[in-house]
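Let me begin by presenting the structure, written as structure tokens, before commenting on it.
There are 2 protein chains.
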Amino acid sequence: MKGEKITVSIVEDIEDIREALRVLVNGSTGFECTHVYADAEEALDKMPANDIDVVLMDINLPGMDGIGCMKALKPLMPNTQFMMCTVYDDDDHIFNALQSGASGYILKRTSPAQILEAIRDLHEGGSPMSSEIARRVVFSMQNKGKTSEAVELLTDRETEILDFLSKGYLYKEIAAELFISKETVKKHIHNIYDKLHVQTRTEALNKAYQRK
Amino acid sequence: MKGEKITVSIVEDIEDIREALRVLVNGSTGFECTHVYADAEEALDKMPANDIDVVLMDINLPGMDGIGCMKALKPLMPNTQFMMCTVYDDDDHIFNALQSGASGYILKRTSPAQILEAIRDLHEGGSPMSSEIARRVVFSMQNKGKTSEAVELLTDRETEILDFLSKGYLYKEIAAELFISKETVKKHIHNIYDKLHVQTRTEALNKAYQRK
DNA sequence: TTAAAAATACACCGAAAGGGTTATTGACTT
DNA sequence: AAGTCAATAACCCTTTCGGTGTATTTTTAA
Numbered sequence: 094m095k096g097e098k099i100t101v102s103i104v105e106d107i108e109d110i111r112e113a114l115r116v117l118v119n120g121s122t123g124f125e126c127t128h129v130y131a132d133a134e135e136a137l138d139k140m141p142a143n144d145i146d147v148v149l150m151d152i153n154l155p156g157m158d159g160i161g162c163m164k165a166l167k168p169l170m171p172n173t174q175f176m177m178c179t180v181y182d183d184d185d186h187i188f189n190a191l192q193s194g195a196s197g198y199i200l201k202r203t204s205p206a207q208i209l210e211a212i213r214d215l216h217e218g219g220s221p222m223s224s225e226i227a228r229r230v231v232f233s234m235q236n237k238g239k240t241s242e243a244v245e246l247l248t249d250r251e252t253e254i255l256d257f258l259s260k261g262y263l264y265k266e267i268a269a270e271l272f273i274s275k276e277t278v279k280k281h282i283h284n285i286y287d288k289l290h291v292q293t294r295t296e297a298l299n300k301a302y303q304r305k
Numbered sequence: 094m095k096g097e098k099i100t101v102s103i104v105e106d107i108e109d110i111r112e113a114l115r116v117l118v119n120g121s122t123g124f125e126c127t128h129v130y131a132d133a134e135e136a137l138d139k140m141p142a143n144d145i146d147v148v149l150m151d152i153n154l155p156g157m158d159g160i161g162c163m164k165a166l167k168p169l170m171p172n173t174q175f176m177m178c179t180v181y182d183d184d185d186h187i188f189n190a191l192q193s194g195a196s197g198y199i200l201k202r203t204s205p206a207q208i209l210e211a212i213r214d215l216h217e218g219g220s221p222m223s224s225e226i227a228r229r230v231v232f233s234m235q236n237k238g239k240t241s242e243a244v245e246l247l248t249d250r251e252t253e254i255l256d257f258l259s260k261g262y263l264y265k266e267i268a269a270e271l272f273i274s275k276e277t278v279k280k281h282i283h284n285i286y287d288k289l290h291v292q293t294r295t296e297a298l299n300k301a302y303q304r305k
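Quick mapping for you: the protein sequence lines, in order, are chains G and D. Going by our numbering, the first residue of the first sequence is number 94, and it counts up by one from there. Going by our numbering, the first residue of the second sequence is number 94, and it counts up by one from there.
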């Protein structure tokens with residue numbers, strides 16, 4: 094075990110970054126980058142044939158994204174650890190990745206030495222994350238169970254309308270219930286989406302009434 | 094800001110450890126241990142009078158434990174960060190502490206240098222955790238996002254697609270995830286709506302996973 | 001009393017959702 | 001061998017949704 098190399102695969106669409114990572118990994122004792130892939134489809138097709146310790150996965154890929162790719166690969170590669178390596182540091186991406194099975198999450202601005210350390214850490218059972226990422230994860234735990242604080246920002250009218258949304262009412266139906274115009278309903282909903290940082294009805298409901 | 098010291102208080106019942114931590118903090122430039130307390134009751138009584146950056150809190154204390162102490166102190170000290178510093182590495186203690194408002198969680202076997210680094214990290218907005226701790230946190234998240242109970246009228250494929258619907262995915266996003274055409278996704282969804290006797294996504298979700 | 005937030009409304013626009021229909025393939029049943 | 005079902009895919013069509021603006025009124029707060 095001691096002398097064996099940690100085998101690494103990389104999924105990254107930007108050639109410069111992909112090659113830089115490959116060189117980094119291959120140039121370090123104890124690591125070996127055996128395969129690299131430029132997109133999710135290629136990775137899905139070829140990666141399961143190899144027994145890999147650690148996958149460095151970019152999120153922003155053409156076509157299927159890195160999170161979807163990982164989700165598809167996970168059941169095929171039960172002994173492989175996945176680490177997201179991306180420029181995204183927003184909550185949605187972080188939580189989505191971690192809930193989908195990533196064990197580590199680092200940002201591309203992480204230093205080469207730290208990337209290698211993170212790979213080793215991951216392989217040894219750790220969950221390497223930068224501390225900004227860790228803080229967000231911790232915050233998310235603290236906010237579990239209670240209706241998210243963003244919901245508190247909603248006005249009474251907005252909450253009322255959100256409630257209709259949750260029951261599947263159409264804009265015009267809500268308008269009829271409240272004796273206001275459909276346009277006003279739309280405006281309220283637009284404001285709700287702004288406050289909750291979402292784009293669709295379903296996302297808003299998931300955020301507002303987060304189920305366990 | 095650069096020249097200012099990070100003020101630290103310590104709550105720890107074992108005198109040897111308490112004094113070792115105090116010496117460590119006071120002997121390092123950029124840090125100052127202004128107060129130490131031997132139990133939760135003393136800390137609760139005296140600590141809120143001081144403006145402290147970081148509290149190192151032991152969990153196992155005589156009487157009230159460190160988690161309860163932190164919960165009581167938090168509302169009184171909104172600008173203070175709490176770091177649990179304990180021998181417990183079991184899930185219950187970790188989650189309880191983090192959900193109760195701790196921003197960092199380190200084990201007592203952490204090296205002196207790493208403790209100092211963790212204090213600085215915490216003060217700068219990070220969430221220092223050893224990677225074993227991080228891994229446990231991540232695992233707990235992964236077990237939260239599991240699929241709800243199935244509607245047995247639906248085929249496997251339909252259930253799968255319903256699950257994507259519940260997460261707010263667009264048709265084309267589902268199509269990309271499943272490697273099928275958007276039209277097929279639409280057809281499946283149409284069949285789902287038929288079986289559930291509904292017309293919209295939200296109604297389907299209400300029917301499938303009935304929430305209040 | 002002045003400023004702000006909240007609620008109301010409308011117009012233009014493109015994207016997305018959903019209804020209806022038809023068709024091909026493979027798998028399982030009878 | 002015929003029939004059913006599930007999964008796949010495409011077509012046309014209308015409605016709904018959501019973004020980006022602007023604007024008026026009312027309420028609330030400073």
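The beta carbon of each residue, even a glycine, is placed where N, CA and C say it ideally should be.
- Chain G has no Cβ within less than 7 Å of the Cβ of residue 203 of chain D.
- In this structure residue 153 of chain G touches residue 179 of chain G by the C-beta definition: roughly 7 Å separates them, less than 8 Å.
- When 7 Å is used as the limit between beta carbons, residue 123 of chain G is near no residue of chain D, the shortest such separation being about 17 Å.
- Between residue 226 of chain D and residue 167 of chain D, the alpha-carbon positions lie close to 22 Å from each other.
- Chain-order list of chain G residues neighbouring residue 299 of chain D: 259, 260, 261, by C-beta distance under 9 Å.
- Residue environment analysis places residue 278 of chain G among the buried positions, since at least 16 neighbouring C-beta atoms fall within 10 angstroms of its C-beta.
- Under the Cβ criterion (8 Å, minimum of three pairs), the stretch 207 to 222 of chain D counts as touching the stretch 97 to 111 of chain D.
- Looking at D:106, D:282, D:200, D:248, the one whose alpha-carbon comes closest to that of residue 259 of chain D is D:282.
- For secondary structure counted as the beta strand (DSSP E) over 3 or more consecutive residues, the stretch 113 to 173 of chain G holds these complete runs in sequence order: 124 to 130, 147 to 150.
- Under the 10 Å beta carbon count, residue 197 of chain G is surrounded by 16 or more other beta carbons and is classified as buried.
- Residue pairing by DSSP places residue 199 of chain D opposite D:178 in a beta bridge.
- Restricting attention to D:255, D:133, D:251, D:296, the CA atom closest to the CA of residue 163 of chain D is found in D:133.
- In the same chain as residue 119 of chain G, and ignoring 5 residues on each side of it, the C-beta atoms closer than 6 Å to its own belong to 126, in chain order.
- For residue 278 of chain D, there is no enclosing beta strand (DSSP E); the enclosing alpha helix (DSSP H) has its first and last residue at 275 to 289.
- Per the coordinates, the alpha-carbon of residue 190 of chain G lies some 31 Å from the alpha-carbon of residue 257 of chain G.
- Judged by beta-carbon spacing, residue 291 of chain G lies within the 7 Å limit of residue 300 of chain G, meaning their Cβ atoms are closer than that value.
- Straight-line spacing of the CA atoms in residue 249 of chain G and residue 105 of chain D works out to 46 Å.
- When secondary structure is reduced to three states using DSSP, residue 295 of chain D falls in the helix class.
- Chain-order list of chain G residues neighbouring residue 252 of chain D: empty, with the shortest C-beta distance near 16 Å, by a criterion of under 7 Å.
- Taking residue 222 of chain D as the centre and dropping the five residues before and after it, the same chain places the C-beta of 198 closer than 6 Å to its C-beta, in chain order.
- The beta carbon of residue 254 of chain G lies closer than 8 Å to those of 267, 271, 278, 281, 282, 285 in the same chain, with the five residues before and after it left out.
- Exclusion of the five residues before and after residue 160 of chain D leaves 152, 189, 190, 193 as the residues of its chain whose Cβ lies within less than 7 Å of its Cβ.
- Short of 7 Å from the beta carbon of residue 157 of chain G, and not among the five residues preceding or following it, lie these beta carbons of its own chain, in chain order: 133, 134.
- Around the beta carbon of residue 297 of chain D, a 10 Å sphere encloses 16 or more other beta carbons of the protein chains shown; the residue is thus reported as buried.
- Under the 10 Å beta carbon count, residue 230 of chain G is surrounded by 16 or more other beta carbons and is classified as buried.
- Residue contact check for residue 220 of chain D against chain G: a CB pair falls below 7 Å.
- For the stretch 278 to 298 of chain D, the beta-carbon criterion of a distance under 9 Å to any beta-carbon of chain G is satisfied by 291, 292, 293, 294, 295, 296, 297, 298.
- Contacts between residue 225 of chain D and chain G, judged by CB atoms closer than 9 Å, involve 218, 219, 220 in chain order.
- Residue-level contact check: residue 159 of chain G does not touch chain D, since none of the beta carbons of chain D fall below 7 Å from its beta carbon.
- In the DSSP assignment, residue 100 of chain G is bridged to G:125.
- Short of 8 Å from the beta carbon of residue 123 of chain G, and not among the five residues preceding or following it, lie these beta carbons of its own chain, in chain order: 98, 99, 213.
- Following the DSSP letters along the chain, one finds residue 270 of chain D inside the alpha helix (DSSP H) bounded by residues 264 to 271.
- Secondary structure note for residue 255 of chain G: its alpha helix (DSSP H) is the uninterrupted segment 249 to 259.
- About 10 Å separates the beta carbon of residue 110 of chain D from that of residue 129 of chain D, a gap too long to meet the 8 Å contact definition.
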